Every structure is written in structure tokens, then in C-alpha cells.
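Chains A and B supply the protein sequences, listed in that same order. For what it's worth, numbering that gives the first Met the number 0 labels the leading residue of the first sequence as 0, then goes sequentially. For what it's worth, numbering that gives the first Met the number 0 labels the leading residue of the second sequence as 0, then goes sequentially.
2 protein chains.
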Amino acid sequence: MTPVERAQMAMMLEVTASPKPGNVDRCHDYDTTRLEHFLASAILARPALEKAASGPGCGGGAGIGEVFREAVRLTTDHSGGNTHFGAFILLVPLLRGGDIAGAARVVQETTVDDAVEFYRAFSLTKVRTLPTDPLDIADPRAADTLRERGMTLVDVMDHSREHDMVAREWVNGFRLTRRAADELHRSGCGKEGVVSAFLMLLSTETDTFIVKEHGPAVAAEVKQKAGEVLAGKRDIADFDAECIDRGINPGSTADIIIAGIYIALGEGWEWDCSRKG
Amino acid sequence: MTPVERAQMAMMLEVTASPKPGNVDRCHDYDTTRLEHFLASAILARPALEKAASGPGCGGGAGIGEVFREAVRLTTDHSGGNTHFGAFILLVPLLRGGDIAGAARVVQETTVDDAVEFYRAFSLTKVRTLPTDPLDIADPRAADTLRERGMTLVDVMDHSREHDMVAREWVNGFRLTRRAADELHRSGCGKEGVVSAFLMLLSTETDTFIVKEHGPAVAAEVKQKAGEVLAGKRDIADFDAECIDRGINPGSTADIIIAGIYIALGEGWEWDCSRKG
Numbered sequence: 000m001t002p003v004e005r006a007q008m009a010m011m012l013e014v015t016a017s018p019k020p021g022n023v024d025r026c027h028d029y030d031t032t033r034l035e036h037f038l039a040s041a042i043l044a045r046p047a048l049e050k051a052a053s054g055p056g057c058g059g060g061a062g063i064g065e066v067f068r069e070a071v072r073l074t075t076d077h078s079g080g081n082t083h084f085g086a087f088i089l090l091v092p093l094l095r096g097g098d099i100a101g102a103a104r105v106v107q108e109t110t111v112d113d114a115v116e117f118y119r120a121f122s123l124t125k126v127r128t129l130p131t132d133p134l135d136i137a138d139p140r141a142a143d144t145l146r147e148r149g150m151t152l153v154d155v156m157d158h159s160r161e162h163d164m165v166a167r168e169w170v171n172g173f174r175l176t177r178r179a180a181d182e183l184h185r186s187g188c189g190k191e192g193v194v195s196a197f198l199m200l201l202s203t204e205t206d207t208f209i210v211k212e213h214g215p216a217v218a219a220e221v222k223q224k225a226g227e228v229l230a231g232k233r234d235i236a237d238f239d240a241e242c243i244d245r246g247i248n249p250g251s252t253a254d255i256i257i258a259g260i261y262i263a264l265g266e267g268w269e270w271d272c273s274r275k276g
Numbered sequence: 000m001t002p003v004e005r006a007q008m009a010m011m012l013e014v015t016a017s018p019k020p021g022n023v024d025r026c027h028d029y030d031t032t033r034l035e036h037f038l039a040s041a042i043l044a045r046p047a048l049e050k051a052a053s054g055p056g057c058g059g060g061a062g063i064g065e066v067f068r069e070a071v072r073l074t075t076d077h078s079g080g081n082t083h084f085g086a087f088i089l090l091v092p093l094l095r096g097g098d099i100a101g102a103a104r105v106v107q108e109t110t111v112d113d114a115v116e117f118y119r120a121f122s123l124t125k126v127r128t129l130p131t132d133p134l135d136i137a138d139p140r141a142a143d144t145l146r147e148r149g150m151t152l153v154d155v156m157d158h159s160r161e162h163d164m165v166a167r168e169w170v171n172g173f174r175l176t177r178r179a180a181d182e183l184h185r186s187g188c189g190k191e192g193v194v195s196a197f198l199m200l201l202s203t204e205t206d207t208f209i210v211k212e213h214g215p216a217v218a219a220e221v222k223q224k225a226g227e228v229l230a231g232k233r234d235i236a237d238f239d240a241e242c243i244d245r246g247i248n249p250g251s252t253a254d255i256i257i258a259g260i261y262i263a264l265g266e267g268w269e270w271d272c273s274r275k276g
């Protein structure tokens, strides 16, 4: 399996694992985002993932910011939905760098141009990554602000670290990506491993996508209830149904799980339990 | 969307559409074959699909038989399961030929070597394509028999036409592939279109995979009941549950639906209903 195929498999394995409380999975769609959208994105993002995997030195490869724009172009639907926005933020440097240590170097080398390209790319989507501030991705003057302040893409992520657990990965050495991969190795093969890693993350980290959509109290409640599921005190199907009913979607946790699956697959984690033994 | 991406999307859209009576879909796995296996196959088959799409003239492309071997190598699990065996039989000439008319020409140009490669490829799987006869794919002397008789791959398919509706497509101008695509255009976008096309095919054609696994009486019963679903006289969920319980899997119909989606996507059929209007 090539690194690009590992990234595509990670996107596929995350969305098909179930039950994952609150998220699109095999048995749950949201009105505007369905299982097929996630799987189409995994298939159609490939040229951008290939650009990410081939460094700028190899045949005039694209800069990181350009790769983001390509990924968004290939996977954003006409209403601006983008299913793998957060996952691309993690997968692109991981593919470019080869592993977590390499990705940590790659993000340090990003430029102001990368930041501007990133803003351009994601302004085409309806995704919100930053809290309302002069660097709000929806602000048409944000690119000028980036240039005035000389902010690179890793500076942008650092700016967002408090409010965005995906951006935070760029500036803390992909800490939760590593933890998700470790949990997959610990939990075992296949979708049960994915669900277990997902619950572990959900029970120990505040999902910042839930904070943005529903506020910190709801995010704290989800974290606590995920812990109760892990402790055997709460039924996972009930918790899943409750999240779906209330529109609570731990989207950033899912992004980090995708990155964790990508890393774990490269380290020998088995997605197909029937291959074991 | 490139032709190869259309083929991958077709594999993805077929398996995620539900309810499809008896088949693996979003809410049903079989013990040894799960949704993830089908989706992994759609992702991992890409290099073989690329070889199929680039003709032998373009950069020394592979012969049809070699493409089949590559597809099987990339997608067969260690226990010999191959989820898209029948789909590859249709997609490979369609990709090589560009459309149905081109595919019909491509199959006429296949050679004895293609037939031998095809046998080699599929002897690695547990899939059975031919009835027990001197050309049984499991017979170690089958390759010699092919050479002695000078049989090309289209001759092999012609030999199997009575017992295998997928092989039959090679020698009748991809008749059911065309009909499946027409039905998709008629039924409309997205997974409802796929389910409708699937039921139409199931109600009018005897699925030869069911014949092989369960005999002609069961296959006739499935055909009749699919017609009753279409006529509003039978509940589709009940019919689905009955097929799953009895292990009745209309696998060849699914293969033809994949080929039909591939053709329809190229003719403007919309997989994503949210893009409409």
C-alpha cells in the first residue's frame, strides 16, 4: 500500500467504522452530508494527495498551500460542503514529511504564500476554522493581514491552537495523531479498533468542532459521556442516537482518527481482521 | 472525473446503495465479506484500472489478461476472497475501449495469452466463474486446454455465456450494462436510482451467481419477488432480510450495476442528488 493509498484507506476506514457517536457512519447520514460524500472525497482527493506525497523537489512538486487548494477543488461540492477539510490539514504534512517527525519539519518550513493559498482554498468552502478575528477565514482582507504580519501557515495554525484541536497538531508534534495511532495498536485490528480509539480520544479531549457548534458545556458533556461508555456505564448505541438527534458531531476527533489510522497503517496495524493469524 | 475515477466511484456507489436485497450494503455484511472489503478494493484496484485505461499503444500498456492479473493481485485477500471479480470483467474492457462500442471491439481483439493470464489470475482466488468442465478455472490443465483449442478470452466468455450473465456481456454487446445505465438515467440521481436499477435488473434477469450457489428454482423465486417489490406488492426491507437470512446474494446483478453506473456517470448521470437544480 502506497502512502497515498494509506491516506485514502484511512478516510474510508474512519467513516465506515460504527458506531461512532454523532458522526456520519454506515448507518447514519446527516441531511446534507452522507456516507457517499465522504467516500467520494477519499477517491477524488487522490491527485492532491499525490502532490502532497511528492516533495517540492521531485518533479517540481506543489507547495503545501497549493496542495490544500487542489484538495479543496477536488472535493468541495457546489454548496461549499467539504467533508475532509480537517483531515487534509493533517494528512498533507504527514504525506509530505513521510511520518510524524517529518511532518513536524514540513510545517515549520511553510511560508506566508502557503498561508495565503490556504486561506484562498478554504474561503471557497463553508468550513470555519478560526474564531472571528482579523484572521477570520471569511474576512476578504485576511490575506492582506497575513502578508502585513508576515504570518506563515504554521503561524496561522499556532494562532488557532486554542480553539482548534486540528490546528494544534501542527504546533505540538501531532500529539493526538500519535496517541490515536498508539490506541489503534493497543485496541487491535479493524473497525472495533477504530471505534475504541475514537472513544478514547472523545473521552479525554474536548472536541473543538463541538465547542464551535454547540459551546463548551455540550463539549464537556460529550467528553464525560464518552468516558461513561468506555467504563461500561452507558450504552454506545443510546449515546450515538442522542448525539445524532441533537446534531452533535465530533468532527475534529474524526479528523485526528483519520491521521492516526494513516500512521498506524504505516506501522503495520491491520485494517482487515480476517487477515490475522 | 477521469474514467478510472468513474470506475472507482461506480464500485463505491454500488456497494453503499441500500437496500439492495441480499447484497452487502451499508447495513449488511456477510461473515467473510464486509463493506470495507468492497471499498478497499475500489481504492486499491486503481493501478490495474489505470493499466486498463491506457491502451497497449500508450507507453507500452499491459494486455487485457495482464490487467486482470494485476487487479486480482491488488484486491484478493489472503483467504482468496475477491469482491470485485465480476466487476473487473466488465470494467477492464470498458476502460480500455472507452465506451460500450469500444469495449465490444476490445474483447474481439483478446488473445489466447489473455485467456491463459485470466485463468492464472483467477485461479488465485476462490471465485468460480465456469461450470465444471475441461475449462473449469480450478483445473490445473485448463491453460493447456486453452492453448490446444486456440481459445481467446472472448472465446472463454462465449463458452460461459449460458451459465454466467457477466461473461455473456462480452458476447452480446454489453446488453445489460447498457440497460442498467439507461435505467439509472430514467430513475434519477443518487442511491435511489441505483436501488431502482438494481431491482429492475433483478426482476427481469436470472442472476447466474444465485443459480450457481442455490440452483435455478431459487433464482427464479428471487426474480419473481423482485418484480413484486417493484409492483408494490412486497416490502423491500422484508425481501432484503429474507435474502440475507438465506445467504442469497445476487452478486452478478451487482457486477452489472457497477458497469452500468460507470457508463451512466460518463453520460452525465448525477451520483450526488444535492448537486441537482
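For every residue, glycine included, the Cβ atom is placed at its ideal position computed from N, Cα and C. Just so you know, these numbers come straight off a predicted model, no measurement behind them.
- Message: Going by DSSP in three states, aspartate 163 of chain B sits in which element: helix, strand or coil?
- Response: coil
- Is any beta-carbon of chain A found at less than 7 Å from that of glycine 187 of chain B? no
- Task: Tell me, please, which residues DSSP counts as bridged to aspartate 239 of chain B.
- Result: DSSP lists no partner for aspartate 239 of chain B.
- Task: Taking 7 Å as the cut-off, decide whether the C-beta atoms of serine 251 of chain A and threonine 203 of chain A are in contact.
- Result: no
- Message: Which same chain residues end up closer than 6 Å to isoleucine 235 of chain A when comparing Cβ atoms and leaving out the 5 residues on each side of it in sequence?
- Response: Pro18, Val228
- Query: Residues in the segment 11–29 of chain A with C-beta within 7 Å of chain B's C-beta atoms, listed in sequence order?
  - Reply: Met11, Leu12, Thr15, Arg25, Cys26
- aspartate 206 of chain A in three-state terms, based on DSSP: coil
- Mind listing, in chain order, the continuous alpha helix (DSSP H) runs of no fewer than 4 residues lying wholly within the segment 26–68 of chain A? 34–43, 45–52
- Query: Run through DSSP, which three-state label would aspartate 76 of chain A get?
  - Reply: coil
- Nearest-angstrom Cα separation, counted from leucine 175 of chain B out to alanine 219 of chain B: 18 Å
- Message: Check whether chain B comes within 7 Å of glutamate 266 of chain A, counting only Cβ atoms and requiring the distance to be less than that.
- Response: no
- Measure how close the beta-carbons of leucine 201 of chain B and proline 20 of chain B come, nearest whole angstrom, since I'm counting them as under 8 Å. 7 Å
- Proximity below 7 Å, CB of leucine 38 of chain A to CB of methionine 11 of chain B: yes
- Run of the alpha helix (DSSP H) containing proline 20 of chain A, from where it starts to where it stops: Premise fails: proline 20 of chain A is in no alpha helix (DSSP H) and is neither H nor E.
- Message: So serine 273 of chain A contacts chain E; which residues on that side make the cut at Cβ distance below 7 Å?
- Response: In the displayed structure, chain E is absent; the protein chains listed are A and B.
- Query: Would you call the segment 236–246 of chain A and the segment 148–165 of chain A in contact, with 3 or more CB pairs under 8 Å?
  - Reply: no
- Within the chosen definition, does the segment 248–263 of chain B reach the segment 82–99 of chain B through at least 3 CB pairs nearer than 8 Å? yes
- Message: Between B:Pro46, B:Leu34, B:Cys26, which has its C-alpha nearest glutamate 4 of chain B's C-alpha?
- Response: B:Pro46
- Using a beta-carbon distance below 7 Å, is leucine 229 of chain B in contact with chain A? no
- What does isoleucine 42 of chain B touch in chain A if you count any residue whose Cβ is under 8 Å from its own? Glu4, Gln7, Met8, Met11, Ala41, Ile42
- Message: Counting only beta-carbon separations shorter than 7 Å, does glutamate 168 of chain B have a partner in chain A?
- Response: no
- Query: When the Cα of proline 2 of chain A is compared with those of A:Ala61, A:Ala196, A:Leu94, A:Glu108, which residue comes out closest?
  - Reply: A:Leu94
- Query: Is the shortest distance between the beta-carbon of glycine 259 of chain B and the beta-carbons of chain A less than 7 Å?
  - Reply: no
- Message: Check whether the segment 103–122 of chain A and the segment 25–33 of chain A touch, using three or more Cβ-Cβ pairs below 8 Å as the test.
- Response: no
- Item | Beta-carbon proximity of arginine 233 of chain B to lysine 222 of chain B, cut-off 7 Å | no
- Compare the C-alpha of arginine 245 of chain B against each of B:Glu212, B:His158, B:Gly265 and name the closest. B:Glu212
- Task: Closer than 7 Å by beta-carbon distance: list the chain B residues that pair up with leucine 38 of chain A, in chain order.
- Result: Met11, Thr15, Leu38
- By the 10 Å Cβ neighbour count, where 16 or more other Cβ atoms means buried, how is arginine 104 of chain A classified, buried or exposed? exposed
- Beta-carbon proximity of histidine 184 of chain A to tryptophan 268 of chain A, cut-off 7 Å: yes
- Message: Quick check on this structure: which residue in A:Arg68, A:Ile209, A:Arg33, A:Gly226 has the alpha carbon closest to the alpha carbon of leucine 123 of chain A?
- Response: A:Arg68
- Item | Buried or exposed (CB count within 10 angstroms, at least 16 for buried), serine 40 of chain A | buried
- Item | Interface residues of chain A facing leucine 34 of chain B [CB-CB closer than 8 Å] | Thr15, Arg25
- Reduced DSSP category for isoleucine 247 of chain A - H, G, I as helix; E, B as strand; rest coil: coil
- Own chain, CB closer than 6 Å to glycine 276 of chain A, minus 5 neighbours either side, in chain order: Confidence at glycine 276 of chain A is low in this model, with a pLDDT of 45, below 50, so the placement of that residue is unreliable and no value is reported for it.
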